[in-house]
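Student:
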Amino acid sequence: MSWVTAFLGWLAEFFGDGANWTGSDGIPARLLEHLEFSALALALAVLVAVPLGLAIGHTGRGGMLVVVAANLARALPTLGLLVMFVLLLGASSIWPVIIPLVLLAVPPILVNTYEGIKGVDPELRDAAYGMGLRGGQVLGRVLVPVALPLILLGCRLSAIQVVATTTVAAYTGLGGLGRYVIDGFATKDYASVVGGSVLIVLFALFVQAVFALVQRVTVSPGVSRRLNIR
Amino acid sequence: MITFDAVTKRYPDGTVAVDDLSFEAPTGEITVLVGPSGCGKTTSLRMINRMIDASEGRILLDGVPVQGIDPPTLRRGIGYVIQQAGLFPHRKIVDNIATVPYLLGWDRKKARTRAMELLERVGLDPALAGRYPFQLSGGQQQRVGVARALAADPPVLLMDEPFSAVDPIVRTSLQDELLRLQSELNKTIVFVTHDIDEAIKLGDQVAVLRVGGRLAQLADPKTLLAEPADDFVREFLGHDRGIRRLQFVSTEGLRLRTDLTVPEGSEGGSPEPWLLVVDGDGRPVGWRAAARPGELEPYGTFVRGRDSMRAALDAALLSPSGCSVAVDEQGKVVGVATREALDEALAEAVHG
Amino acid sequence: MGDGPPSLWEWFGRNWDTGRADSIRTLLTDHVTMSLVPVVLALVVALPLGLACARWRWLYQPTSGLMNVVYALPSLPVFMLMISVTGLSQTTVIVPLAFYGVAVLIPAVVDGLDSVPDHVRQSAVAMGFTPLRRLLAVELPIAAPVVLAGLRVVAVSSISLVSVGALIGQGGLGGLFTRAYQNPFMPPVIVGIVLVVALALVADGLLVLAQRLLTPWVRARKEAAS
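Protein chains in written order, with UniProt numbering: chain A, 1 to 230; chain B, 1 to 352; chain C, 1 to 226.
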């Protein structure tokens, strides 16, 4: 297994090099960039997709459109979209890259929020209105808490997507951990490629863990039916 | 009092769900709307709290047209119980019950105290307060549904097939519980069901609706069974209407014989073909036939005054003696209703 | 027309079949291979694993946890890490895509088998089906719509993800995107996006068709219901 040795060698070289831990292209700075870009894109996507999904799920209007659009969005090649936006808008700021990131992050949140709200038992909606909750109260106090697992699933799928696409976006000049991979590959610096890749994978797993935690904290045990409660 | 004044519900596609319906649901009584599916009973109920708006006519709540009241405000003053209870899965039982008090702005502590009180009132263990709905059985959830509807002490309660999703044994106990609660609370209740037996058991008055949303008959259960207005109502009431009528005939006046009981262990002849053996506390042990004094035959009992003629007749049919044993609330024998006595009472029931 | 930059159609026509390795036709064929193989591989692997998870429930929790992790791994770093094992070949792209496919399909197979109504399974047992016959003749056909829905997701995602492989020189139509970026020029991007999306739609359409042919009762039931 010669590649294992090589692999470990590259990891040692990358993480052992003190220069890789400082400066604007050091690991902490790149990690922070990756976090910033991903968080920014995800936050914008949430701001767009959650209210829209709630409105569509609550009123029941435009549902088909959401499902079709989400399926179509899955077919879009991320690299193509990134290159297209950079060619169209130039590479003077991060926005030509952030826009496609947001575009790709919207559909999973939108469709899951919509499905989540739409899927709430009609009896529950009926009971809520019947007890005198107003439209907004029904949405906020009943539908959202009950649909929360699906809404969060949508956000998690989008986060996975965003972390991955932020990496690819390094190709079109964006900072972040993808730089190690793209630049390393271009210059045949395999220590950088392997080290960067491992960092990105760890980062993605960290994001996954954060979502699992958020889910645990925010979803009512009555909805998740978690055991081990009184 | 709830008044339906020539209420019609017509949908945009032309379907008429409720057709020119007029009746009154008197204060403090249970009015049951019953009928086959498609008779508009649920639609009628839902027009009271404006879950559906009437197309024509007026619905009055103590003389005030509901159409003029903002729906959420109206609904907070009306208890609403539905089939699957519709409990909020993300809230603990105590908070589910306190939903309307919270909406009305009660402080948290007062709302929760009230919720705990209701939990006991509907016959649930207070330990359930901290559970979530999925941890409760269907029957328990339905009790919570009733407690939730009562939380803000509304004068009116709307119940839409609340007990139809639970098994027959639980259903019976929920029905008994409702009658017990109602005897304490005296709410104005409108209750929808497709089950005529449930209607007859619960209703102070029963409105039978026919498909197309027209009122076929409005009467108290006894009258309904005795004098169905037409063939539709007769058919809807079902086959053993006569037997069921006996439910409303009291056993108070039933002639009882007290000379047919003998203590356990006693022997000796008697001209009677059957004698009832009782134990030292006066409770029945079994029937002894004159022909086979060594054996005891089964017996059936009814509580005199509390149980109906239907129960008395049923008890007679359970025993080869053909007699029915009348007991008091403690189960002690107060007498025996013979075939002759039952015959007399039945004849009276038919004519009276 | 010879002076300005070529129009989209002109560019497409000129590059469709140049006979070189970067002609659109070759890229398209590569793209189909690199996205189709992982889908087939994923199905072949996921079906027995899914069956096992449905049969031995305790397997499902850890398996689905692992699959969640696999699904969360970003493609580019995984391709890069694969290079040290499989070199700069199509396999480097195909293997990770197959893993993503498995991650989506195992839950689909389990959910599909869960969708078999218990009374149907019981009556098959009562009629004397052997477990294998029951699986093949009763359970799998009923599970098929759910599995095929998963397969549609896998096919479409694979087709779009292959393009990322262009960053290691193995991306099928994705090669058009890198070419367009290195020598800033729009037509290859447009052609690439359109072809990738078209390919995805064709694959999706074929699977929908397959679903109709394999499970005619689903459609009949829907029509009867409406």
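For each residue, glycine too, the CB sits at the ideal point set by N, CA and C.
As the structure is a computational prediction, the values presented were derived from the model and not from experiment.
1. Buried or exposed: which applies to residue 11/B, given that a residue is buried once 16 or more other Cβ atoms fall within 10 Å of its Cβ?
2. At a cut of 8 angstroms, does the segment 151-158 of chain A reach the segment 103-112 of chain A through at least three beta carbon pairs?
3. Residue 299/B: which of 310/B, 158/B, 276/B sits nearest, CA to CA?
4. State buried or exposed for residue 229/A, treating a residue as buried only when at least 16 other CB atoms are found within 10 Å of its CB.
5. Does the beta carbon of residue 134/A come closer than 7 angstroms to any beta carbon on chain C?
6. When the cut-off is 7 angstroms and only beta carbons count, does residue 123/A lie next to chain B?
7. Residue 90/B CB to nearest chain A CB: under 7 angstroms?
8. Report the residues of the segment 71-103 of chain A with a CB closer than 9 angstroms to any CB of chain C, ordered along the chain.
9. Apply the 10 Å Cβ neighbour rule to residue 92/B and answer buried if 16 or more other Cβ atoms are within range, or exposed otherwise.
10. Could you tell me whether the Cβ of residue 216/A comes closer than 7 angstroms to any Cβ of chain C?
11. Whole angstroms are fine: how far does the CA of residue 31/B sit from the CA of residue 195/B?
12. Just reading off the beta strand (DSSP E) that residue 58/B is part of, what are its end residues?
13. Pick helix, strand or coil for residue 299/B, following the three-state DSSP scheme.
14. Within 7 angstroms of any Cβ in chain A, is that where the Cβ of residue 129/C sits?
15. Output yes or no for whether 7 angstroms exceeds the beta carbon distance between residue 123/B and residue 56/B.
16. Quick one: what does DSSP say residue 88/C is sitting in, helix, strand or coil?
17. Run through the segment 10-66 of chain C for me and flag every whole alpha helix (DSSP H) of 4 or more residues, listed as ranges in chain order.
18. Please list the terminal residues of the continuous beta strand (DSSP E) segment that includes residue 210/B.
19. I need the straight-line Cα distance from residue 2/C to residue 89/A, nearest angstrom please.
20. Look at the Cβ atom of residue 243/B, then the Cβ atom of residue 221/B, and state whether they are nearer than 7 angstroms.
21. Shorter than 7 angstroms from the beta carbon of residue 161/A to some beta carbon of chain C?
22. Is there a Cβ of chain B sitting closer than 7 angstroms to that of residue 230/A, yes or no?
23. Since residue 52/B and residue 59/B are thought to touch, with beta carbons under 8 angstroms apart, how far apart are those beta carbons, to the nearest angstrom?
24. For residue 181/B, which of helix, strand or coil comes out of DSSP?
25. Helix, strand or coil: how does DSSP classify residue 230/A here?
26. Helix, strand or coil, according to DSSP, for residue 123/B in the structure here?
27. Anything in chain C within Cβ reach of residue 200/A, meaning under 8 angstroms, just list it in chain order.
28. Please return the same chain residues whose Cβ sits closer than 8 angstroms to the Cβ of residue 218/A, not counting the five positions on each side in sequence.
29. Is the segment 98-110 of chain C close to the segment 119-138 of chain C, with three or more CB pairs under 8 angstroms?
30. Evaluate residue 239/B with the Cβ neighbour count: other Cβ atoms within 10 Å of its Cβ, from every protein chain shown; 16 or more gives buried, anything less gives exposed.
31. Is there at least one Cβ from chain A nearer than 7 angstroms to residue 24/C's Cβ?
32. Keeping to the same chain, check which residues put their C-beta closer than 8 angstroms to that of residue 339/B; ignore five residues upstream and five downstream.
33. Strictly by DSSP, which residues pair up with residue 274/B?
34. Count the other C-beta atoms from every protein chain shown that fall within 10 angstroms of the C-beta of residue 210/B, then say buried if there are 16 or more, exposed otherwise.
35. Which whole runs of the alpha helix (DSSP H) in the segment 141-195 of chain B are 4 residues long or more, in chain order?
36. What are the partner residues of residue 8/B, as DSSP defines its beta bridges?
Tutor: Looking at the atomic coordinates:
1. The count along the second sequence starts at 1 and reaches residue 11/B at position 11. Looking at its Cβ environment, which holds fewer than 16 other Cβ atoms inside 10 Å, residue 11/B is exposed.
2. Contact holds: three or more Cβ-Cβ distances are below 8 angstroms.
3. Here the question's residue 299/B lines up with position 299 in the second sequence. Residue 299/B has its Cα closest to that of 276/B, out of 310/B, 158/B, 276/B.
4. Numbered from 1 along the first sequence, position 229 holds the residue referred to as residue 229/A. Since pLDDT at residue 229/A reaches only 43, below the 50 mark, its modelled position is unreliable, and no value is offered.
5. As a first step, residue 134/A is located in the first sequence; it is residue number 134 there, counting from the start. Not one chain C Cβ lies under 7 angstroms of residue 134/A.
6. As a position in the first sequence, residue 123/A is number 123, starting the count at 1. Nearest CB-CB separation between residue 123/A and chain B: below the 7 angstroms threshold.
7. Residue numbering aside, residue 90/B sits at position 90 when the second sequence is read from its first letter. Yes, its Cβ sits closer than 7 angstroms to a Cβ of chain A.
8. Correct list: 71, 72, 74, 75, 76, 77, 78, 79, 80, 81, 82, 83, 84, 86, 87, 88.
9. Taking the first residue of the second sequence as 1, we reach residue 92/B at position 92. So residue 92/B ends up on the buried side.
10. By one-based count along the first sequence, residue 216/A stands at place 216. No, its Cβ sits nowhere closer than 7 angstroms to a Cβ of chain C.
11. Residue numbering aside, residue 195/B sits at position 195 when the second sequence is read from its first letter. Residue numbering aside, residue 31/B sits at position 31 when the second sequence is read from its first letter. Straight across, the Cα-Cα distance linking residue 195/B with residue 31/B is about 14 angstroms.
12. By one-based count along the second sequence, residue 58/B stands at place 58. Here the beta strand (DSSP E) through residue 58/B covers 56-61.
13. Residue mapping note: residue 299/B aligns to position 299 of the second sequence, counting from 1. Residue 299/B: coil per DSSP, three-state reduction.
14. Counted from its first residue, the third sequence places residue 129/C at position 129. No, residue 129/C lies away from the interface with chain A (no Cβ there is under 7 angstroms from its Cβ).
15. Taking the first residue of the second sequence as 1, we reach residue 123/B at position 123. Taking the first residue of the second sequence as 1, we reach residue 56/B at position 56. Cβ distance not < 7 angstroms, so residue 123/B and residue 56/B don't count as in contact.
16. Position 88 of the third sequence, counted from the first residue, corresponds to residue 88/C. Residue 88/C falls in the coil class under three-state DSSP.
17. Correct list: 24-55.
18. Counting from 1 along the second sequence, the entry for residue 210/B is found at position 210. For residue 210/B, the uninterrupted beta strand (DSSP E) segment begins and ends at 205-210.
19. Your numbering for residue 2/C matches position 2 in the third sequence. Your numbering for residue 89/A matches position 89 in the first sequence. Reliability fails at residue 2/C, whose pLDDT of 49 lies under 50, so the model's placement of it is uncertain and no value is given.
20. In the second sequence, residue 243/B corresponds to position 243, counting from 1. In the second sequence, residue 221/B corresponds to position 221, counting from 1. By the CB criterion at 7 angstroms, residue 243/B and residue 221/B fall outside the cutoff.
21. Locating residue 161/A in the first sequence gives position 161, counting from the first residue. It does not; no Cβ of chain C falls within 7 angstroms.
22. Numbered from 1 along the first sequence, position 230 holds the residue referred to as residue 230/A. Residue placement at residue 230/A cannot be trusted, given a pLDDT of 38 that sits under 50; the coordinates are not used to answer.
23. Residue 52/B sits at position 52 when you count from the first residue of the second sequence. Residue 59/B sits at position 59 when you count from the first residue of the second sequence. Not quite, the Cβ-Cβ distance comes to about 11 angstroms (not below 8 angstroms), so this is no contact.
24. As a first step, residue 181/B must be located in the second sequence, where it is residue number 181. In the three-state DSSP reduction, residue 181/B falls in the helix class (H, G or I).
25. Taking the first residue of the first sequence as position 1, residue 230/A is located at position 230. Low confidence applies here, because residue 230/A scores a pLDDT of 38, under 50, leaving its location unreliable; read the following figure in that light. Of the three classes helix, strand and coil, the one that applies to residue 230/A here is coil, per DSSP.
26. For the purposes of this step, residue 123/B is identified with residue 123 of the second sequence, where counting begins at 1. Of the three classes helix, strand and coil, the one that applies to residue 123/B here is coil, per DSSP.
27. Start at 1 with the first residue of the first sequence, and residue 200/A comes out as number 200. When 8 angstroms is used as the limit between beta carbons, residue 200/A is near these residues of chain C: 74, 76, 77, in chain order.
28. Numbered from its first residue, the first sequence carries residue 218/A at position 218. Taken in chain order, the residues that qualify are 148, 152.
29. As far as the Cβ criterion goes, the segment 98-110 of chain C does not touch the segment 119-138 of chain C, which means the pair count is below three.
30. Start at 1 with the first residue of the second sequence, and residue 239/B comes out as number 239. So residue 239/B counts as exposed.
31. Residue numbering aside, residue 24/C sits at position 24 when the third sequence is read from its first letter. Chain A places no beta carbon closer than 7 angstroms to that of residue 24/C, leaving this residue out of the contacts.
32. In the second sequence, counting from the first residue as 1, residue 339/B sits at position 339. Counting only Cβ-Cβ distances below 8 angstroms, and skipping sequence neighbours, we find 316, 322, 323.
33. Here residue 274/B is taken as the residue at index 274 of the second sequence, counted from 1. Paired residues: 289/B.
34. Position 210 of the second sequence, counted from the start, is the residue given in the question as residue 210/B. Classification for residue 210/B: buried.
35. For the segment 141-195 of chain B, whole alpha helix (DSSP H) runs of length 4 or above, ordered along the chain, are 168-185.
36. One-based indexing of the second sequence puts residue 8/B at position 8. Note: residue 8/B sits in a beta bridge opposite 56/B.
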